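Quick note, the sequences are listed as chains A and B, same order. Residues in the first sequence are numbered from 6 upward in steps of one, following the numbering used here. Residues in the second sequence are numbered from 6 upward in steps of one, following the numbering used here. Structure record follows, encoded as structure tokens.
2 protein chains.
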Amino acid sequence: MDIAILLFPRLTALDAVGPYEVLQRLPGANVKFVAAERGSYRTEQNMLGLDADFATDEVTHADILLVPGGIGTRPLIEDQPTLEWIRAVDAGSQWTTSVCTGSLLLGAAGLLEGKKATTHWRVLDLLTQFGAIPVSERVVEQGKIITAAGVSSGIDMALTLAAHVAGDEVAQAIQLGIEYDPQPPFDCGSVAKAPEAVYQLALAGLARADTATR
Amino acid sequence: MDIAILLFPRLTALDAVGPYEVLQRLPGANVKFVAAERGSYRTEQNMLGLDADFATDEVTHADILLVPGGIGTRPLIEDQPTLEWIRAVDAGSQWTTSVCTGSLLLGAAGLLEGKKATTHWRVLDLLTQFGAIPVSERVVEQGKIITAAGVSSGIDMALTLAAHVAGDEVAQAIQLGIEYDPQPPFDCGSVAKAPEAVYQLALAGLARADTATR
């Protein structure tokens, strides 16, 4: 099973690596990290490089396509080669998925027209510009297209997908393998649950991160 | 705040990237990925490369040290330069932490003697050989040393640590920023909760992964 994960400058590392850690454990998984060109791609704050082993023109097919998010999605919304690659791989995929603002790229590629979709809570409204119907849920399934909410939600999305692809028992074994028995120290991981002060602090932190460089 | 995350061949990507995604959002965070030599380090199944920007001899101090796990920890248990580096950085750290089998390296470095500690459920007993007291908990705090259980537990550990370092409200804002409101599709992420068939399947998958190469 060929799994393509798109990399690009200023992606959010966990958007890609959370689902990767689940999907690479699927029987027969062959995960390919793909970018415009082969090489190292730096995350949002320039503190980590992830390696793309393949250029987009080397990967024309994937059973599963995963598009992560990050502030680096914004310029790509108008990058025709990237959008064309997403459309081309989607045309032959069994599953086309996104995490966080990766769904903005699926939308810009025209794949979310008339479909329910989600993204990071901060930019949920942006989905409407692509004809999508924003839904404040953690994992949104619309046929073969699955979008996940912000950053860490990709793990939940990938386990859901693993169950579709390989059955519940395999997905459960993967969940146990990565010991995913979450015990967050606080119950404030969604806008609905966070106090106003935490919400404002998170917004300010995200805004700073958008423009920060190391 | 200087944060050093150790990389090595055949690490588990999420062990490092889960906590990274939390800790890089701490005010003033400067995360350095460090390895024996600068360069790209491949994860367990050789499907992803993570870049070490720094060699161990370039980083002699960190406020937070994080040692991730993976099958690649096993040869390092006897690698004196790595263990000496861990001891040296720990000597000046405010916090010394591990995820998954990273605690075996803390143990081999002599840092867990007489202390409670945890690791991935599959190898919990191995901690005794280093004089540690194995504890089947997700996050185990012993003074400045914090060990986390398998793979995904590093996110919970890092949020706990973020609260110690920067206060509850900042940690909560980070949790909201990464939208960590986990909704796993199954409730089987710990040995205590998983059915026997899932446990056996997970064991078999992990054993295959130990020896697999892409």
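All residues carry an ideal CB built from backbone N, CA and C; glycine is no exception. Since the structure is predicted, the reported quantities are computational estimates derived from the model, not experimental observations.
Asked, Found
"Tell me which residues share the same chain as G159 of chain A and place their Cβ nearer than 6 Å to its Cβ, disregarding the 5 neighbours each side in the sequence.", "D20, G23, P24, V104 and A153"
"Can you pull the chain B residues whose beta carbon is under 7 Å from the beta carbon of F135 of chain A, in chain order?", "Correct list: empty, because the minimum Cβ distance to chain B is about 20 Å."
"Helix, strand or coil for Q147 of chain B, going by three-state DSSP, please let me know.", "strand"
"What residues in the stretch 18 to 46 of chain B have a beta carbon less than 7 Å from any beta carbon of chain A?", "A18, L19, V22, G23, Y25, E26, Q29, R30, V36, F38 and S45"
"Looking only at DSSP bridge pairs, what is R47 of chain A linked to?", "A:G54"
"Can you pull the chain A neighbours of D84 of chain B, defined as C-beta to C-beta under 9 Å?", "Those within 9 Å of D84 of chain B in chain A number zero; the least Cβ separation is about 23 Å."
"Give me the subset of the stretch 187 to 204 of chain B whose CB atoms are less than 9 Å from a CB atom of chain A, sorted by chain position.", "P187, Q188, P189, P190, F191, D192, C193, G194, S195, V196, A197, K198, A199, P200, A202, V203 and Y204"
"Please classify T65 of chain A as buried or exposed, where buried requires at least 16 other C-beta atoms within 10 Å of its C-beta.", "exposed"
"So, is P32 of chain A buried or exposed, given that buried needs 16 or more other C-beta atoms within 10 angstroms?", "exposed"
"H169 of chain A CB to nearest chain B CB: under 8 Å?", "no"
"What residue from A:Y204, A:G119 and A:L166 has the CA that sits closest to A176 of chain B's CA?", "A:Y204"
"Please list the partners that V175 of chain A has in chain B, where partner means a Cβ-to-Cβ separation under 8 Å.", "L206"
"Is A5 of chain A helix, strand or coil by DSSP?", "Residue coverage of chain A in this structure runs from 6 to 219, which leaves residue 5 of chain A outside it and unanswerable."
"Return the residues of the stretch 107 to 137 of chain A that lie within a Cβ-Cβ distance of less than 8 Å from chain B, sorted by chain order.", "H125 and W126"
"Tell me A9 of chain A's beta-bridge partners as DSSP assigns them.", "A:K37 and A:L70"
"Would you tell me roughly how many angstroms separate the C-alpha atoms of T61 of chain A and K121 of chain B, rounded to the nearest one?", "48 Å"
"Going by beta-carbon coordinates alone, are D95 of chain B and L116 of chain B separated by less than 8 Å?", "yes"
"Output the distance between the C-alpha atoms of V128 of chain A and D186 of chain A, rounded to the nearest integer angstrom.", "28 Å"
"Assuming S108 of chain A is part of the beta strand (DSSP E), what are its boundary residues?", "Per DSSP, S108 of chain A belongs to no beta strand (DSSP E); it is in the alpha helix (DSSP H), G107 to A113."
"Any idea if E184 of chain B is buried or exposed, counting beta-carbon neighbours within 10 angstroms, 16 or more meaning buried?", "buried"
"For E142 of chain A, tell me which candidate among A:A41, A:D161 and A:M52 has the shortest Cα-Cα distance.", "A:D161"
"Under 8 Å, Cβ to Cβ, is there at least one residue of chain C near T165 of chain B?", "Chain labels in this structure do not include chain C; the protein chains are A and B."
"How many angstroms separate the CA atom of E146 of chain A from the CA atom of G107 of chain A?", "15 Å"
"What are the boundary residues of the beta strand (DSSP E) that V170 of chain B is part of?", "Looking at the DSSP string, V170 of chain B is not in any beta strand (DSSP E); the run it does join, the alpha helix (DSSP H), is S158 to A171."
"Could you tell me whether any Cβ in chain B is nearer than 8 Å to the Cβ of I160 of chain A?", "yes"
"Please state if the CB of P139 of chain B and the CB of V180 of chain A are separated by a distance shorter than 8 Å.", "In the sequence as presented, Val is not what sits at residue 180 of chain A; that position holds Gln. No, the pair does not count as a contact, with Cβ atoms beyond the cut-off."
"So, is the C-beta of R79 of chain B closer than 8 Å to a C-beta in chain A?", "no"
"Of the residues that make up the stretch 145 to 157 of chain B, which ones have a beta carbon closer than 8 Å to any beta carbon in chain A?", "A154, G155, V156 and S157"
"Confirm, please, whether the CB-CB distance from P73 of chain A to L16 of chain A is below 8 Å.", "yes"
"Counting only the same chain and skipping the five closest in sequence on each side, list residues whose C-beta sits under 7 Å from that of L192 of chain B.", "A quick correction: the sequence has Asp, not Leu, at residue 192 of chain B. Excluding sequence neighbours, D192 of chain B sits near K198."
"With a cut-off of 8 Å, does the C-beta of L181 of chain A fall near any C-beta of chain B?", "yes"
"For P139 of chain A, which residues does DSSP report across the bridge?", "A:A122"
"Mind listing the chain B neighbours of E89 of chain A? Cutoff is C-beta to C-beta under 9 Å, in chain order.", "Under the 9 Å cutoff, chain B gives no residues; its nearest Cβ is about 25 Å from E89 of chain A."
"Give every residue of the same chain whose Cβ lies closer than 8 Å to the Cβ of A171 of chain A, excluding the five residues on either side of it in the sequence, and list them in chain order.", "L31 and P32"
"How is the beta strand (DSSP E) around G104 of chain B delimited, first residue to last?", "One detail in the question is off: residue 104 of chain B reads as Val in this sequence, not Gly. W100 to V104 is the extent of the beta strand (DSSP E) around V104 of chain B."
"What does a CB cutoff of less than 6 Å around D56 of chain B pick up in its chain, not counting 5 residues either side in sequence?", "S45"
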